[in-house]
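**Student:**
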Amino acid sequence: AVVSTQSTGELPNSLCCTRRGSCVYFLSQLQQAAMLLLCVLSSVLLGLTAAQSDCYNVTDPEKGKIDYTGEIFKTKSGRICQRWDSQSPHAHKKIPENFPNKDLRENYCRDPDSFGYPWCFTTDPEKKRERCAIPNCADAANAQADAPTDCFKAIPMADGKVIISYGGSVNTTVREIPCQKWTVTEPQLHDRTPEKFPVLCVD
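The numbering of the sequence shown is our numbering, which starts it at 4 and goes up by one.
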């Protein structure tokens with residue numbers, strides 16, 4: 004929810020929160036623009052990540068059948084895959100002619116013999132085959148659902164100021180330093196306490 008300050012003075016570069024978790028920043032115009040841009044870019048990048056994520060679907064768990072037609076060609080340890088139509092450095096029978104319906108193109112990770120996950124022969128002479136670094140789509144979807152979605156809103160005011168509304172529960176800085184509680188004045192002495200700002204400050 005959008006909240007506004009009812010204090011009599013300005014609070015430059017400060018943050019206070021409601022008891023429901025909504026927070027208000029009072030920032031310089033440069034800081035406002037920078038933080039808004041960061042928020043927008045984060046949202047865009049999250050969208051691109053979700054759209055470009057590569058994963059495999061399990062089509063028959065009992066028989067170990069999966070569906071993957073992507074173009075990843077590295078194993079979980081970072082080894083480059085050997086081409087399916089090549090016999091070097093490893094000789095094998097998993098060639099496109101023997102598995103015409105398995106899409107054994109180039110050196111992309113596949114599962115022609117139903118191991119239950121994408122794999123490939125590697126170009127490392129010491130390692131014949133290895134699982135590829137491709138997640139199960141179901142696991143990837145769960146991870147995406149659990150990913151943080153915290154972001155703030157910039158609300159322009161009639162007087163030219165911008166109020167930042169934040170309703171999340173992040174309590175660490177960008178450097179992973181724990182935030183000091185608003186009710187505590189140590190180690191940082193401040194006057195942004197719940198008593199002084201009962202509508203805005205909490206936790």
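Positions of the beta carbon are idealized from the N, C-alpha and C atoms, including for glycine. All of these numbers come straight from a predicted model, not from anything done at the bench.
According to DSSP, simplified to helix, strand and coil, what is C140?
**Tutor:** helix
**Student:** Which residue marks the beginning of the beta strand (DSSP E) containing I75, and which one marks its end?
**Tutor:** Neither: I75 is in no beta strand (DSSP E) and is coded neither H nor E.
**Student:** What number of angstroms, rounded off, separates the C-alpha of I83 from the C-alpha of P64?
**Tutor:** 27 angstroms
**Student:** Rounded to the nearest angstrom, what separates K105 and T175 at their Cα positions?
**Tutor:** Cα atoms of K105 and T175: separation of roughly 48 angstroms, rounded to the nearest angstrom.
**Student:** How many angstroms separate the CA atom of V61 from the CA atom of S91?
**Tutor:** The straight-line gap from Cα to Cα measures roughly 30 angstroms.
**Student:** Within 10 angstroms of its Cβ, does E189 collect 16 or more other Cβ (buried), or is it exposed?
**Tutor:** Counting C-beta atoms within 10 angstroms of its own C-beta, E189 has fewer than 16 neighbours from the protein chains shown and is therefore classed as exposed.
**Student:** By alpha-carbon positions, which one of K68, I137, G119, D114 ends up nearest to K77?
**Tutor:** Out of K68, I137, G119, D114, I137 has the C-alpha closest to the C-alpha of K77.
**Student:** By Cβ distance, which residues of its chain are closer than 8 angstroms to Q2, with the 5 residues on each side in sequence left out?
**Tutor:** Given that the chain is displayed from residue 4 to residue 206, the structure contains no residue 2 and the question cannot be resolved.
**Student:** Smallest Cα separation from R86: which of S80, I75, N101, R108?
**Tutor:** Among S80, I75, N101, R108, the Cα nearest to that of R86 belongs to R108.
**Student:** Out of A94, D114, W185, point me to the one whose CA is closest to F244's CA.
**Tutor:** Any question about residue 244 goes unanswered here, given that the chain covers just 4 to 206.
**Student:** Indicate the three-state DSSP secondary structure (helix, strand or coil) for P15 in the structure shown.
**Tutor:** Low per-residue confidence applies at P15: pLDDT is 40, beneath 50, and the placement is therefore not dependable, though the value from the model is reported in the following sentence. The answer is coil: DSSP assigns P15 none of H, G, I, E or B.
**Student:** I'd like to check one pair, C123 with Y59: are the Cβ atoms closer than 8 angstroms?
**Tutor:** Taking C-beta atoms as the reference points, Y59 and C123 fail to come closer than 8 angstroms.
**Student:** Between which two residues does the beta strand (DSSP E) harbouring Y169 extend?
**Tutor:** 165-169
**Student:** What is the DSSP secondary structure of E100, counted as helix, strand or coil?
**Tutor:** coil
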